Ligand SMILES: N[C@@H](CCC(=O)N[C@@H](CS)C(=O)NCC(=O)O)C(=O)O
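Numbering (my numbering), first residue to last: 1 to 206.
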């Protein structure tokens with residue numbers, strides 16, 4: 001059975017768990033990361049030298065990097081449910097996955113760390129304000145993208161929606177200003193209707 005290493009409250013682990021839910025894949029999950037200090041052990045470092053989560057073991061195949069794991073599982077399913085068959089649609093989806101990892105999450109993460117993982121007495125107003133500004137800029141890009149299509153890579157839900165949606169969920173859950181972004185909001189409501197999203201992403205932030 002597929003093995004997944006990673007605590008269930010990690011944004012990057014949630015991408016993989018959501019993907020498994022969409023594909024109805026069975027898996028065994030092992031807590032790792034943060035308070036689960038197993039990531040610091042030599043045994044875990046053999047699996048993932050970065051000491052980060054998630055890591056998966058699919059038989060003798062070991063893989064880390066959450067978005068790549070989502071691509072791998074979606075492709076392996078082989079039925080086009082999450083992995084678009086058409087070349088341009090596929091790379092369109094991949095583009096939004098990379099953008100989430102390189103632009104959107106780096107903008108939003110400091111806000112999450114400040115508001116959820118930092119004692120209020122230690123909040124840094126400059127970090128919060130900058131993160132709010134950069135996150136909103138990224139969210140406006142998503143909103144514009146969704147103005148003329150249902151999902152990020154077209155008219156069908158795909159792997160391209162998964163990384164962005166887990167991050168958008170965090171933004172909506174944070175105690176920060178939420179200017180009206182109508183297209184984004186409509187898309188997020190669609191995500192919230194999906195059972196696997198409800199089960200693994202819509203959990204209290206911690
Ligand atoms: N680019 C990596 C980033 C992985 C990452 O930063 N994971 C975080 C959790 S979201 C982590 O392992 N943090 C340290 C920890 O939990 O101990 C990926 O997408 O898988």
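Beta carbons are placed, not taken as given, at the ideal position from N, Cα and C, and that holds for glycine. Here the structure is a predicted model, which means the values were calculated and not measured.
* **Proximity to residue 98 [Cα-Cα], best of 163, 174, 146** => When only C-alpha atoms are compared, the closest one is 163.
* **Distance CB(residue 84)-CB(residue 153) smaller than 8 Å** => Against a cut-off of 8 Å, the Cβ pair of residue 153 and residue 84 comes out as a contact.
* Helix, strand or coil: which one does DSSP assign to residue 76? -> Looking at residue 76 - three-state DSSP - the assignment turns out to be helix.
* List the DSSP bridge partners of residue 58. => In the DSSP output, where bridge partners are listed per residue, residue 58 has 61.
* **Contact between the region 51-58 and the region 104-120 (3+ Cβ pairs under 8 Å)** => Flag = no, the region 51-58 and the region 104-120 do not touch.
* **Start-to-end residues for the beta strand (DSSP E) that takes in residue 7** => Residue 7 -> no beta strand (DSSP E), and no H or E assigned at all.
* With a cut-off of 8 Å, do at least 3 Cβ pairs link the region 142-162 to the region 67-80? -> These segments touch.
* **Residues bridged to residue 28 [DSSP beta-bridge criterion]** => According to DSSP, which records beta bridges pairwise, residue 28 is partnered with 3.
* Asked: Along the chain, where does the alpha helix (DSSP H) that runs through residue 138 open and close?
  -> Element bounds for residue 138: 125-145.
* To do: Give a single yes or no on whether residue 11 has its beta carbon closer than 7 Å to a heavy atom of ligand 1.
  => For residue 11, the CB falls within less than 7 Å of some heavy atom of ligand 1.
* At a cut-off of 7 Å, is residue 54 close to ligand 1 when judged by its beta-carbon and the heavy atoms of the ligand? -> The answer is yes for residue 54.
* To do: Identify whether residue 208 lies in helix, strand or coil by the three-state DSSP scheme.
  => Residue 208 lies beyond the range of the chain shown here (1 to 206); nothing can be said about it.
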